[in-house]
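Have a look at the structure below, then the notes.
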Amino acid sequence: MADISSISRTTLTHSAEHRTQEKSSTLAADHTDAFIKSEAAFTPAYTKRSAQKQPSDNNLTQRENSEDKVGAVKQSGGEGRAELLTQGVQHIIRAMLVKQGEVLTGNVPSVGAKLYAEELLGQIRQLYGNSAADENSPDYWTAENTADRMVLFFNCVSIEGDKQELLDRSFRGAFNETEQLFGGRGRLPLESYETRQLVMDNYFNVQHTGG
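In case it helps, the numbering used here puts the sequence shown at residues 13 to 223.
Quick look at the structure:
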């Protein structure tokens with residue numbers, strides 16, 4: 013059962029929670045519309061539409077005007093687009109970590125984070141062939157299983173430019189954000205830290221050594 017005290021500590025008000033519920037599907041689509049269905053599987057390939065959306069999560073930051081962000085991206089060109097892609101991938105990684113933490117600890121970091129994570133995970137289920145019920149099982153979120161799914165996701169991401177740098181920034185950023193949601197450094201379940209080490213060993217370190 014979720015820790016009610018941890019929910020009460022969130023800065024979300026009742027009205028903010030209601031707005032989150034109404035907009036969570038839109039937010040999820042903004043970050044995962046790039047999973048283009050093919051005959052084989054969903055292939056993450058961030059599209060122009062994705063790059064024009066403002067990645068936001070109202071349990072972390074105040075919402076920004078999306079039109080202003082689009083203008084900024086057009087002015088900054090490739091650099092701005094790369095930043096948006098980094099944030100989009102980061103949100104998906106964070107969704108996995110948030111759900112892992114929730115299932116394994118029984119604590120909900122915030123209503124907004126929970127809803128947003130579930131919407132994002134729903135968008136990428138076809139990639140893994142799992143169900144929503146699977147995601148509520150502790151066995152689904154063991155360090156090994158979670159790391160394997162993250163590596164599969166990384167291998168499927170299709171972007172222009174330095175893919176490894178983008179994924180590294182996204183992964184580290186997502187992990188740090190999830191720690192803050194759960195109360196700070198060392199507050200995630202042990203499996204999350206084991207997941208991080210496995211991802212570093214099985215993906216990033218392998219890539220750096222040319223394996």
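Backbone N, C-alpha and C define an ideal beta-carbon position, used for all residues, glycine too. Quick caveat: nothing in here was measured; it's all calculated off a predicted structure.
The alpha-carbon separation between GLU147 and LEU133 amounts to approximately 9 Å.
According to the DSSP assignment, ARG199 belongs to no alpha helix (DSSP H), since it is labelled neither H nor E. In this structure, THR190 keeps its C-beta atom at 8 Å or more from the C-beta atom of GLY118.
For ASP180, the enclosing alpha helix (DSSP H) has its first and last residue at 175-193. Contact between the stretch 137-153 and the stretch 209-221 is absent: fewer than three C-beta pairs spanning the two stretches fall below 8 Å.
In this structure, DSSP gives SER170 an extended state, which the three-state scheme calls strand. Nearest to MET162 by C-alpha distance, out of LEU96, ARG93, ARG106, is ARG106. Counting along the chain, GLY118 sits inside no alpha helix (DSSP H), nor does DSSP assign it H or E at all. By the Cβ criterion, the stretch 173-184 is not in contact with the stretch 124-132, since fewer than three pairs of Cβ atoms, one from each stretch, lie closer than 8 Å.
In the three-state scheme derived from DSSP, where H, G and I count as helix and E and B as strand, THR207 is classed as helix. Beta-carbon to beta-carbon, ALA155 and GLU95 are separated by about 30 Å, too far to satisfy the 8 Å threshold. With a cutoff of 8 Å on beta-carbon distance, ILE104 and ILE136 are scored as near each other. With a cutoff of 8 Å on beta-carbon distance, PRO201 and LEU116 are scored as near each other. Between SER122 and LEU193, the beta carbon gap of about 7 Å places them in contact (Cβ cut-off 8 Å). Where TYR140 is concerned, the enclosing alpha helix (DSSP H) starts and stops at 137-140. Within the same chain, PHE216 come within 8 Å of ASP180 by CB-CB distance, once the 5 residues on both sides are set aside. Taking each of ASP213, LEU139, LEU109, VAL169 in turn and checking the Cα distance to ALA125, the smallest one comes out for LEU109. In the structure shown, THR221 falls within a coil segment according to DSSP collapsed to helix, strand and coil.
THR154 sits in coil when the DSSP states are folded into three classes, being neither helix nor strand.
Residues ALA159, VAL163 of the same chain have their beta carbon placed closer than 7 Å to that of ASN214, with the five preceding and five following residues left out of the count.
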